[in-house]
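First up is the structure itself, then whatever we jot down about it.
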Amino acid sequence: MNAEVSEQLLMLFVLMAVGFAAAKAGLIDKTGSDKVSALISRVTMPAMYIATFMAQPFSAESMKRSGVLLAISAGYYVLATAMGFLYVRLVRADEKTRGVYQFMIIFSNAAYMGFPVLRAVLGEEAIFYGAFFNLPFNILAYSLGIWLLRHGRTDVAMRKREMFLNPGTLGVLLGVVLFLVSPLVDGTKFYDAFYQGALWKGLDALGDTTVPLSMIVIGSVLATVKPGAVVKNLRVWGVCVLRLLALPLLMLVCLLPLPLDPMTRGIPVLVAGMPCAVFCVILSKEYGGDEKTASVGVFLSTLLSAVTIPLISSLL
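Here the sequence shown stands for residues 0 to 315, where the numbers follow numbering that gives the first Met the number 0.
Below, the structure written as structure tokens:
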């Protein structure tokens with residue numbers, strides 16, 4: 000498994016290198032990167048969610064596992080949030096950057112990088128369950144995340160509707176509805192045409208573009224970071240230790256005593272060990288957060304994850 004994981008990670012970093020080179024060559028600027036990010040979050044990723052749910056056979060076991068993962072996800076966000084608040088107090092982060100540090104500790108790059116890793120380590124089925132585990136991310140990033148990034152500013156308004164009516168959450172919820180309805184229409188012409196025909200194939204093909212596009216966006220973001228800023232910012236190094244090692248190891252220690260199957264245990268641990276969310280950079284631009292610090296955090300944590308992800312995977 001380690002060889003397969005390493006090969007998949009190498010493939011992801013090759014795609015990142017393409018994005019990095021394209022940005023350095025001027026083929027992708029900030030505007031282009033933002034547009035592709037919007038395409039991913041609003042179109043290709045919801046399509047991936049829906050196609051995955053449509054392809055998953057309905058069973059009581061899958062519903063039970065999904066419920067367990069949602070409960071574990073809630074516990075994870077309580078743990079990560081507490082760690083984020085404690086960290087900024089410990090390092091005495093200033094008002095400008097504290098929200099970014101907290102966001103980077105709480106929210107991992109679960110969707111852009113996590114799903115490809117889940118697929119490599121645990122198989123295609125892990126995308127289905129990973130979407131359930133990641134559901135709170137879509138709600139919390141647009142509520143708690145934006146509140147943290149605004150750091151007391153009143154000139155940047157929160158769009159409360161997006162807390163629940165964002166494309167990621169809607170894609171998962173629509174996928175859940177189609178998943179629940181599937182046994183009622185199984186064996187009918189509607190099922191053959193809708194669940195296995197051109198519509199599903201189109202959504203599946205669209206969803207398959209999420210991984211390469213995501214990696215190219217990450218690479219283009221990394222191209223904007225100056226190496227000197229990475230070396231000097233010791234607080235970001237501390238964030239990376241918590242995000243890439245402390246959180247996944249704590250999750251593993253908490254879950255080991257529980258009677259969980261490898262899939263149910265592996266998804267939370269792997270998602271907890273992903274790099275800082277690229278979404279932090281995107282939301283920082285929109286809501287007045289420290290975009291430069293966010294970019295440094297994404298850059299450093301993504302590079303270090305080439306070492307830490309295989310390490311965490313080997314412990315499962």
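The beta-carbon is built from N, C-alpha and C at its ideal position, and this holds for glycine as well. Predicted model, so just to flag it, every value in this text is computed and none were measured.
Can you tell me whether Pro261 is buried or exposed, with buried defined as 16 or more other CB within 10 angstroms of its CB?
By the C-beta density criterion, Pro261 is exposed, having fewer than 16 other C-beta atoms within 10 angstroms.
Three-way DSSP call (helix, strand, coil) for Ser58 in this model
The three-state reading of DSSP puts Ser58 in coil, since its state is none of H, G, I, E or B.
For Tyr111 versus Ile217, is the C-beta spacing smaller than 8 Å?
Cβ atoms of Tyr111 and Ile217: closer than 8 Å.
Name the residue from Ala222, Leu315 and Ser283 whose alpha carbon lies nearest to the alpha carbon of Leu26.
Minimum Cα distance to Leu26 is reached at Ala222.
Throw me the rounded Cβ distance for the Phe52 and Phe178 pair, which I believe falls under 8 Å.
The pair is a contact, with the Cβ atoms about 4 Å apart (cut-off 8 Å).
Have a look at Val13, Ala130 and Ala50 and flag the residue whose alpha-carbon is nearest the alpha-carbon of Lys200.
The shortest C-alpha separation from Lys200 is found at Ala50.
If we count Cβ pairs, one from each stretch, closer than 8 Å, do we get three or more for the region 233 to 242 versus the region 29 to 46?
Too few Cβ pairs lie closer than 8 Å, so no.
What residue does the alpha helix (DSSP H) around Lys188 start on, and which one ends it?
Where Lys188 is concerned, the enclosing alpha helix (DSSP H) stretches over Lys188 to Phe193.
Closest Cα partner of Val297 within the set Leu314, Ala204 and Val238
With distances taken between Cα atoms, Val297 lies closest to Val238.
For the candidate residues Thr301, Leu173, Ile281 and Gln55, whose alpha-carbon lies nearest to that of Phe19?
Per the Cα distances, Thr301.
Val277: buried (16+ other C-beta within 10 angstroms of its C-beta) or exposed?
Under a 10 Å Cβ-count criterion, Val277 is classified as buried, with 16 or more other Cβ atoms of the shown protein chains found around its own Cβ.
Using the Cα positions of Thr96 and Thr292, report the straight-line distance between them to the nearest angstrom.
In this model, Thr96 and Thr292 are separated by some 7 Å (Cα to Cα).
What residue range does the alpha helix (DSSP H) around Arg234 cover?
Counting along the chain, Arg234 sits inside the alpha helix (DSSP H) bounded by residues Leu233 to Val240.
I'd like to check one pair, Ala125 with Ile308: are the Cβ atoms closer than 8 Å?
Going by C-beta atoms, Ile308 is not nearer than 8 Å to Ala125.
Since Cys279 is in the alpha helix (DSSP H), which residue starts that stretch and which ends it?
Cys279 -> alpha helix (DSSP H) spans Phe278 to Tyr286.
C-beta contact flag for Val171 and Leu202 at 8 Å
No.
Leaving out five residues on either side along the sequence, give the residues of the same chain with a beta carbon under 6 Å from the beta carbon of Cys279.
So the qualifying residues of the chain are Phe102, Met103 and Ala293.
Considering only the beta carbon of each residue, do Val42 and Ser312 sit closer than 8 Å?
It is not a contact, given that the beta carbons lie outside the stated cut-off.
Quick check: the Cα distance between Gly167 and Leu314, rounded to an integer number of angstroms?
When rounded, the distance between both Cα atoms is 30 Å.
Give the straight-line distance between the Cα atoms of Tyr190 and Phe84, rounded to the nearest whole angstrom.
Straight-line Cα distance between these residues: approximately 48 Å.
Quick check: does the Cβ of Trp146 come within less than 7 Å of any heavy atom belonging to the ligand PLP?
The ligand PLP is absent from the structure shown, which contains no ligands of any kind.
Using only the alpha-carbon positions, how far apart do Ser107 and Ala140 sit?
If you take the alpha carbons of Ser107 and Ala140, they lie about 11 Å apart.
Can you tell me whether Ala79 is buried or exposed? The criterion is at least 16 other CB atoms within 10 Å of its CB, across all chains shown.
Ala79 should be labelled buried.
According to DSSP, which residues form a beta bridge with Cys322?
Look at the range of the chain in this structure, 0 to 315, and you will see that residue 322 is not part of it.
Using three-state DSSP, classify Arg64 as helix, strand or coil.
Looking at Arg64 - three-state DSSP - the assignment turns out to be helix.
Counting only the same chain and skipping the five closest in sequence on each side, list residues whose C-beta sits under 8 Å from that of Ala16.
Result list for Ala16: Gly218, in chain order.
Report the three-state DSSP secondary structure of Gly25 (helix, strand or coil).
Shown here, Gly25 sits in coil according to DSSP, grouped into three states, outside any helix or strand.
Sub-8 Å separation of Gly122 and Leu269 beta-carbons:
For Gly122 and Leu269, no; Cβs fall outside 8 Å.
Verify whether the separation of the beta carbon atoms of Leu249 and Pro274 is less than 8 Å.
Taking the C-beta atoms as reference points, Pro274 is found no nearer than 8 Å to Leu249.
Would you check if the distance between the CB atom of Ala245 and the CB atom of Val295 is smaller than 8 Å?
No; because the gap between Cβ atoms is not below 8 Å, this pair is not in contact.
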